[in-house]
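Let me begin by presenting the structure, written as structure tokens, before commenting on it.
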Amino acid sequence: MNQRTKYYTFSTFSRNSSIKTCIINSENKKKARDKLSRLHLKVSRQRKDFAINTACQVITNSDFVGIEDFKVSNMVKNNC
């Protein structure tokens with residue numbers, strides 16, 4: 050797991066519990082829900098950025114990148 054996103058995934062638990070304790074349909078609940086949604090958006094963007102940067106690193110450091118498309122279910126079958 051990426052170290053930057055690890056912190057935010059643990060803090061989402063506390064944000065989620067703060068939503069549960071709020072009164073239904075109150076302004077504070079709406080604010081807490083908005084903060085949690087922004088936190089989820091931030092984590093998703095960080096994960097996407099990490100994946101893109103890692104892929105770019107692999108491409109720039111490698112001369113050749115091969116991709117294979119195997120179906121595991123076909124490899125497991127017995128041909129008896």
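Counting from 50, one number per residue, gives the positions in the sequence shown under the working numbering. All residues carry an ideal CB built from backbone N, CA and C; glycine is no exception. All values reported here derive from a predicted model rather than from experimental measurement.
- Secondary structure at CYS71: coil, using DSSP grouped into helix, strand and coil.
- Rounded to the nearest angstrom, the Cβ distance from ALA81 to SER93 is 19 Å, too far for a contact under 8 Å.
- VAL125 and ALA104 have their C-alpha atoms roughly 30 Å apart.
- Secondary structure of VAL121 (DSSP, three-state): helix.
- For PHE113, no alpha helix (DSSP H) segment is defined, and its DSSP state is neither H nor E.
- Rounded to whole angstroms, THR109 and ILE101 show a C-alpha spacing of 12 Å.
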